[in-house]
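This report concerns only the one structure given below.
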Amino acid sequence: MSLEVDGATIATNANGYLEELSDWNEKVAEAIAAKEGIALSQRHWDLIRYLRDEYFNNNENQPNTRTIVKAMQQLWGDKSVDAKTIYDLFPLDPSKQGGRIAGLPESRRKGGY
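First residue of the sequence shown: 5, per this note's numbering; consecutive thereafter.
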């Protein structure tokens, strides 16, 4: 499978994850999100940047939903952020769908907690 972005063909696997992590940029993220029916807001970008930072700067860590919730509570300064808030952003699983849009490899972890 592949994705067309600015005239370039970006290879993806059968589940829509990038074959080459180095192909990712914000335009690629926007194209993946659009394909999944998501218009990226600032909160989406905050979560995407968090996932990328965790992966690239923390030993390829791919946090689960509970960890994402805690990180976004802290980042947004809002203790009312919960799993529903995060799933509203990425309804097909924040760690998996968010990771796909963030250009990360497919997580093999099961469940959100």
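Just so it is clear, CB atoms sit at the ideal spot from N, CA and C, and this is done for glycine as well.
Given the structure is predicted, the values throughout are model-derived calculations rather than measurements.
Close-in-space but distant-in-sequence residues of the same chain around residue i (CB under 7 Å, 5 per side omitted)
i, result
"R47", "L93"
"E23", "A15, T16 and N17"
"K100", "S111"
Option nearest residue i by Cα separation, candidates the options
i, options, result
"W28", "G41, D10 and A43", "D10"
"A35", "Y91, T13 and Q78", "T13"
"T69", "S26, P95, F60 and N62", "P95"
"L25", "E64, K39, G81 and E40", "E64"
Cβ separation of residue i and residue j, assumed to be a contact under 8 Å, to the nearest whole Å
i, j, result
"A87", "L55", "16 Å between Cβ atoms; not a contact."
Per DSSP, cross-strand counterpart(s) of residue i
i, result
"L22", "T16"
Rounded separation between residue i and residue j - CA only
i, j, result
"T89", "Q66", "19 Å"
"G116", "Y91", "A caution first: G116 carries a pLDDT of 47, below 50, which makes its placement in the model unreliable, though a value can still be read off. In a straight line, the C-alpha of G116 is about 10 Å away from that of Y91."
"K31", "W49", "12 Å"
"G20", "I42", "15 Å"
"P109", "K83", "30 Å"
Neighbourhood of residue i by C-beta distance below 6 Å, restricted to the same chain and skipping five residues each side
i, result
"M76", "V85"
"I72", "I90 and P98"
"F60", "none"
"A37", "L44 and I105"
Neighbourhood of residue i by C-beta distance below 8 Å, restricted to the same chain and skipping five residues each side
i, result
"I52", "A33, L44, G102, I105 and A106"
"L79", "D50 and Y54"
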